[in-house]
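Notes follow once the structure below has been shown.
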Amino acid sequence: MIPRSAFRETPGLREVLLVALFLAGLVTGCSKGKGVYHRIERGQTAYRIAKTYGIEPRELLEANKIVDPRTLQPGQMLWIPGATGTKTVSPVRIE
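In this note's numbering, the protein residues as written are -7 to 87.
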């Protein structure tokens, strides 16, 4: 721990530490690994999206911290772990 007196004795130390913490947060937040984001369109389901990208629906839901897949909304962005590019997902048609 840095003593408070160090901030008074070293001008600019506080700013340097804040910038370092900010940058560390950016790096940590971006380290999801390989994957892409998919924007949900009307009629798409978690199951259909997962299968189109070749992953299990459970993996898709866990990666996005989704408890109930029925809460997905058009326009919502989903992280697709392991994907290398976006794909076209066919909507489910209800007749």
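Where is the CB? At the ideal position from N, CA and C, for every residue including glycine. Computed from a predicted structure; not experimentally measured.
Segment limits, alpha helix (DSSP H) that includes residue i
i: L64; result: Careful: L64 lies outside any alpha helix (DSSP H) and carries neither H nor E.
i: R50; result: 49 to 55
i: I41; result: 38 to 45
Residues of its chain near residue i, where Cβ-Cβ distance is below 6 Å and the 5 sequence neighbours each way are ignored
i: A75; result: G27, V28, Y45
i: L18; result: For L18, the pLDDT reaches just 48, beneath the cut-off of 50, and the residue's location in the model is therefore unreliable, although a value from the coordinates is still provided. Cβ within range, chain order: n/a, list empty.
i: L70; result: H30, N56
Host beta strand (DSSP E) of residue i (start-end)
i: R31; result: 27 to 31
i: I72; result: 69 to 73
Beta carbon of residue i nearer than 8 Å to that of residue j
i: P66; j: A38; result: no
i: A42; j: E51; result: yes
i: H30; j: T78; result: yes
i: G4; j: P73; result: no
8 Å CB neighbourhood of residue i in its chain, flanking five on each side removed
i: V84; result: G35, Q36, T37, R40
i: E48; result: A42
i: E1; result: none
i: E87; result: none
i: Q68; result: R31, I32
Test: residue i CB closer than 8 Å to a CB of chain D
i: E33; result: As a matter of chain content, chain D is missing from the structure shown, which is built from one protein chain.
7 Å Cβ shell around residue i - same chain, five flanking residues per side excluded
i: E7; result: none
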